[in-house]
Structures are given as C-alpha cells and as structure tokens.
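Residue numbers (the numbering used here), protein chains in the order written: chain A, 1 to 387; chain B, 388 to 774.
For every residue, glycine included, the Cβ atom is placed at its ideal position computed from N, Cα and C.
1) Using only the alpha-carbon positions, how far apart do residue 654(B) and residue 583(B) sit?
2) Please list, in chain order, all residues of the same chain as residue 362(A) whose beta carbon is under 7 Å from its beta carbon, the five residues on each side excluded.
3) Roughly how many angstroms lie between the CA atoms of residue 463(B) and residue 506(B), to the nearest whole one?
4) Measure from the C-beta of residue 230(A) to each C-beta in chain B and report whether the shortest distance is under 7 Å.
5) List, in chain order, every chain A residue whose beta-carbon is nearer than 7 Å to that of residue 632(B).
6) In chain order, which alpha helix (DSSP H) runs of at least 4 residues are fully inside the stretch 123–209 of chain A?
7) Taking 7 Å as the threshold (beta carbon to beta carbon), is residue 604(B) in contact with chain A?
8) Would you mind telling me which residues of chain D sit closer than 9 Å to residue 639(B), beta carbon to beta carbon, in chain order?
9) Count the other CB atoms, across all protein chains shown, that sit within 10 Å of the CB of residue 360(A); report buried if there are 16 or more and exposed otherwise.
10) Are the beta-carbon atoms belonging to residue 661(B) and residue 539(B) less than 7 Å from one another?
11) What is the DSSP secondary structure of residue 474(B), reduced to helix, strand or coil?
12) Taking only beta-carbon positions, decide if residue 582(B) is within less than 7 Å of chain A.
13) Residues in the same chain with beta-carbon distance under 7 Å from residue 474(B), minus the five sequence neighbours each way, listed in chain order, please.
14) On a Cα-Cα basis, can you pick out the residue from 127(A), 178(A), 310(A) that is closest to residue 217(A)?
15) Go through its chain and collect everything with a Cβ distance to residue 394(A)'s Cβ below 6 Å, but skip five positions before and after it.
16) For residue 683(B), tell me which candidate among 710(B), 623(B), 497(B), 669(B) has the shortest Cα-Cα distance.
17) At a cut of 8 Å, does the stretch 543–553 of chain B reach the stretch 598–613 of chain B through at least three beta carbon pairs?
18) Suppose only complete runs of 4+ residues qualify. What are the alpha helix (DSSP H) ranges in the stretch 305–338 of chain A, listed by chain order?
19) I'd like the span of the alpha helix (DSSP H) that includes residue 32(A), first residue to last.
20) Could you compute how far the alpha carbon of residue 440(B) sits from the alpha carbon of residue 574(B)?
21) Report the residue ranges of all beta strand (DSSP E) runs contained in full by the stretch 432–505 of chain B; include only those spanning at least 3 residues, in chain order.
22) Might you give, ordered along the chain, the residues of its own chain that have their beta carbon closer than 8 Å to the beta carbon of residue 546(B), omitting 5 neighbours on each side?
23) Under three-state DSSP, which class holds residue 754(B)?
24) Residue 137(A) and residue 97(A): beta carbons closer than 7 Å?
25) Spatial neighbours of residue 738(B) within its chain, please: CB distance less than 8 Å, with the 5 preceding and 5 following residues excluded, ordered by chain position.
26) Quick one: is residue 399(B) near chain A, going by C-beta distance under 7 Å?
27) Checking 7 Å against the spacing of the C-beta atoms, do residue 90(A) and residue 131(A) come in under that value?
28) When you compare each of 95(A), 4(A), 207(A), 81(A) to residue 67(A) by their alpha carbons, which one comes out closest?
29) Answer yes or no: do residue 342(B) and residue 498(B) have a C-beta to C-beta separation smaller than 7 Å?
30) Can you check which of these residues, 81(A), 315(A), 333(A), 306(A), is closest to residue 203(A) by C-alpha distance?
31) With the cut-off set at 7 Å, would you say residue 503(B) and residue 558(B) are in Cβ contact?
32) With a cut-off of 7 Å, does the C-beta of residue 763(B) fall near any C-beta of chain A?
33) Using a C-beta cutoff of 7 Å, does residue 23(A) count as contacting chain B?
34) Counting Cβ pairs, one atom from each stretch, are 3 or more of them under 8 Å apart for the stretch 339–357 of chain A and the stretch 275–291 of chain A?
35) Please state whether DSSP places residue 764(B) in a helix, a strand or coil.
36) Note the first and the last residue of the continuous beta strand (DSSP E) segment covering residue 397(B).
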C-alpha cells in the first residue's frame, strides 16, 4: 500500500428537505453572500425562490449564467470582481458541478490581489479563500465533496483542473428531489462522469481489496440506479443513491493507498470539451472504452479481468483476454444503453483538430506518467478510434 | 434512503514512517502536551523514544497506564487533573483505541469545570475540548476516525459509549509497522471488533447497494488480511489494509442513508467487559453468531441471505433459511479459525451474573429499539447461548 494523507472536512447534509437547514448553516459566515448559479433552471424549479425565502435578511449579490465547462472569462472574473466590490463573506453555489467548480475558483480569486489565473494554473498557491456552501442539483462531478475544480479558458483552449485544500465546501446540501427534473441526457452523462471518476482510480498498478471493493460497489450502484432513474425520474431512492455514489468520485477516498493512476480519460476529455465545449460526461463515456482497448496488454490485463468479473459478472473461467475484451464491450454497451451518443462525430467532432488536440494533451496533461503511459500518438489513436 | 448529516474532519496520515511528520503536525497546537499511553509497549517498541526525540522542545506531561476498557477512575480523572494543572494545550495519544477513547474523555473534561462523568453520561454537552493528535498502534476500534469513545466505571459496572463532534482527532497518524508486534490474540480480537462494527451497521432495515457493497468489501478485506497477518506478522500490506479497514468502522461512512440499526452486540458486550473486564473484540466475536441465530426470522432472513452470498460466497440457489444458517455458522467458524475463544466460559464468565447483566443491558442500552428488538429475556438467552 502506498502512503497517503487524507482529509475531507466538508459537512454533508443529505436528504429530502435538507435545505431547511440552510439558515442555520449560513449563520456563521456573515450576511454578504454571493449567490452563484447557472442558466436559470433553479428559477424554473422554485429553488431560487426558496433560497431567497430562507435568507430574507441577507445581502445577496448574484452571479448567474455560469455555463457547463465553466469559463474563466467571464464567469470567474466577474465573480471575483463582485466579491471584491461587495465585500462578500460567503459564496452560496446552487447548481451542478460547473457552478461549484466556478465558485471555487472565485472563492480563491476573491482573496488574491493578482490575476486569478495564477491560482488556477498553479503559478501561485492561494493563501486564503472565501467559505463555500453549495446546494447540488445534479448527481455527477463530486465537486461537493472535493477541493478541486475545472476551469476552461476559451482563447487558449485550456481546460485546467486545479485543487487546493482551502476549497473544500464548508457545507454541501444534497436533496435528491432537486435532481428529479434533470433530463435523461444529463442524468446519463452525469452517471458516466461519476463512473469514469471511479474507473480512473480503479485502473492502476497497486490497489487493495478494500479500495477495489468500494469502487466495484460504486460502479454497480451507479449502473443499477441510473436505469431506475431513467425509467422513473422521480424514484427517490434511485436518485438518492446516484447522488451519494457521485459524492465519492473525486476526493480520493475510493483509492486511499492506491498507486498513482494518472486520470488519463479526464486528461483527454479536457481537450475535447475545451476545443468543442461538449458535455464532459459524454466525452468521457466515448473515450473510456477506446482507451481501455488501447491500453489492454499483458501488463494491464489482470485489472481488466478483475473489473470484468466483479463489476459485470463475467465468467472467471474464461481466458484472461477474453474476459478483458468482454468487459470493455460491456462498458461500451452500458453507456450506449443509457442513451449516450457513443461517437465523437455525433457531438460534432471530426478528424480536423485531432492531432492538435493530441499535442495539447500530450504537452499539458502528463499522461506519459499514467499507469498505462500515453504519448501523443496514443492519444491521437484513441481520439480517432472514438470518432 | 434515510436523511443524514456526515462530517469527519480528521486528517489521516497513513503509511510507513508517517511519524516523521509529527513535528509539523504538532506545531500549530502549542507546546504543552499531555502524552497519554497504555501499559508500556510503546517503550519496548521504541515508539516512546521516537516521540520524545521528535518533540525535543515540547513540555510533555505523561499519563501512562491507561488500560483496555479504559477506566474513568483513575485514568480519565488523572488526565483531566493533569491537563488543568499543567495547562495542557494538546493531547498526544499513543496506543490503541483504549488510549484514544480515554484521551477523548480527558480532552472534553479538561475544558469543563464540573465532574467529567457529566459529559460522558450525556448529562451535560461539552462546549469545548482540547485538540487530540494520535499515533495508533493497533488496528481495531476506528477511534482514530470517529468522535466517540467508551469509558468504564468500575464501581457501577457501567461501560458507556459517548460521542461529541468536538472529539474528532485533529490528526491521526497510522503506521502499519507499529502493528507488527501486536500479538496473535490481539490481532484476532481487533479484527473481530472491526468486523462487528461493520455487521452492526449491515444488519438493518433499510440500506443501499452502495453501503452494502462498502461493508461487504470491508468484511472480506478484514478476513483475508487477518489471515495473512497471523501467518506473517510483518506482512506490511496485510497490516496496512487491516488498519485502513478498521478506520472506517465507527464514523458512519459505511452506512450513510441507512436506517437505525441499534448496535445490539456492542450493547451486550459492554456489560460483559464492564462486569468481567474481558477483551472487547473477543466478547463481540462470541456474542455475534449467537445474536444472529437468535434474531433470525422471516423478517430478518433476507439480510442474512445477502450477507451469506456476498461475504461468504454461499450458493444463492439454496433456500433462504439454509443460506442464513450457513452464513451464521461461517461467521462462527471464521472467528474460531483465527483463534478466538468462542465461549464465554473460556474467559471466566459463568451463569452467575447473567440475569443481572441482562437487566443492566435492557435498562441502559435501548436495545428494544434495535432493528431486531431485544428485551431482557432475549439478552439473557443470547448470553446463555454464548457460555
């Protein structure tokens, strides 16, 4: 087992009507709030009105219009400016992972005198950050329980993940009911995102029975419950379990003591959504089985065997490569079965910029250090196989 | 899924030589330290000397001799007195769960003007507590990652569990190498303790695929790795995985969203070790299969089927009661196979005080509200079946 440090100080408040505790939660942070949200679905669902009703005596400044693959300009920059102007004391992020990721960048940027990109790019280490409370409306990214985020900078086609222990949300409020209205497409994409978070950690050199068991359980729970949620979008227990599954995706608890895996599919998908602004979870679902196929080898096959037998129930009596290939096909088939478009072309991506994207990934994502190292040519091959 | 709140702010520092970070960890708490430990094994192993060497400029007051089933008088009372006299700023607990449980009671008592028992008994809610850093030398209780403890008061035969969010350790240092010298008997008892922590949460009315999967993985990891550790006490990976398994036992993360289970075996075992001062994990291992047999019914059988199939690999094609009975026998056989004495008589407990203990449990442990409710007569029957 590999040495590790682990701490996740975030308080989870989970369940139906958990929002009732919002006033008690907010009390300790001060009255000047930045309310950050996305395209307005929280107005349609009544959540926006509910938040306002619960915090009548707060001075609320709003930052709306945060997009999927949240943008440095304008969202992060606007948020930082508002925080400074209004002397914001706490950020209340209401939405999915993009809203929260953006809010994390704002929380750090608000306490920094220079250009916020310095912090996101890792050039400067943040010394402080505003506290964050979030109300999550989409089961997907796990941002509610980690200290990281991903920000896109359009002019340079950069999509950068950053992490800082200062950026754990203080409190995450998770009410599965808010996910009842999530579309079929976003429900499937969110599940694919969460499944890939697990797989990125599962496919590694050194793991433990415990970690493997946790990850296999999370994958199986995601697969069973997304089917139920697609069949009946108001199945509370299915939505709740999806939400809890997603929570563990990115804070490391599933792979404590495991060796470095490198998160290759995320590295590659970041380029796809930086260049084409596609839905992150769909990009991941498309890449994942092609990546698996590409890296399958004598060195990696045993992990695929374990995955195939324990997650998909493939007969352990078969030959190891047969099990691995069936497992990869089962992965593809599962994503297809929940309605994910399984070719990049369906998302409007063609051959045109593949080599450019592959070079960008090779130069920026460090995938030559992944468990199964990827160089520019590998990355381009995987992109092409995904078309 | 049941609503829940969850937060575990403790930082885990895990792995070989993790202790090297002790000076950096201690820095923020102040120089006046209460060093709490047990019977002196940390002197034999060199850990005591190492701690002293790493903290040369600290003002260290010692509280030694903390016993298994830690005692209110003298340990808690002495610790509280020392903290007040020496104006202690942080407690450094070095040992197993008993040392840490005792240190938690001291941490709260040191910041309270009245009788510390008020806090342990729940009569008064603590308003503050000293910070705690621990170095764990036994894989068992999970106290390093929860905010609870169990304290025994000899004159009243009370053994009381108390919890307070103030009592999460700030930092837990876990180096599996420190457990290499743990005896066969304590290794087995610690594993049985951790397994029972999981089972107490597994056997409940409402759970999730995710929780069940986490718990089944933890049980399987404990069973596989304790065998390896017994065979080769210096098997680092086995000791490490045992240690990590145990960490999750009692902070609730294995059963988020599950319904109230009641922790019945702990309720019963507390009486056994309060009256007879036996090893907690052995008491639990003896009671568990008898409790299972006692509560097996049409209402409970499905959980036993899931347990039997997923943990012990029993053929799911068999009849449900046959699976359940085989699972209970497998539980007994497993504990016996790792050398645990499986009869209370072997620990010096006879018929004599069974009715008195059963009454004590029935009056104090609330087991009539457990998933499978237990009244005094049930408790006495389970004790008798355990003789």
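Concretely, from the data shown:
1) 12 Å
2) 375, 376, 379
3) 12 Å
4) no
5) 210
6) 184–202
7) yes
8) Looking for chain D here will not work: the only protein chains present are A and B.
9) buried
10) yes
11) coil
12) no
13) 419
14) 310(A)
15) What is shown of chain A runs 1 to 387, which leaves residue 394(A) out entirely.
16) 710(B)
17) no
18) 320–337
19) Looking at the DSSP string, residue 32(A) is not in any alpha helix (DSSP H); the run it does join, the beta strand (DSSP E), is 32–36.
20) 28 Å
21) 446–450, 477–482
22) 456, 537, 538, 539, 540, 657, 658, 660, 661
23) helix
24) no
25) 771, 774
26) yes
27) yes
28) 95(A)
29) With chain B represented from 388 up to 774, any question about residue 342(B) goes unanswered, as that position is not in the structure.
30) 306(A)
31) no
32) no
33) no
34) yes
35) helix
36) 391–401
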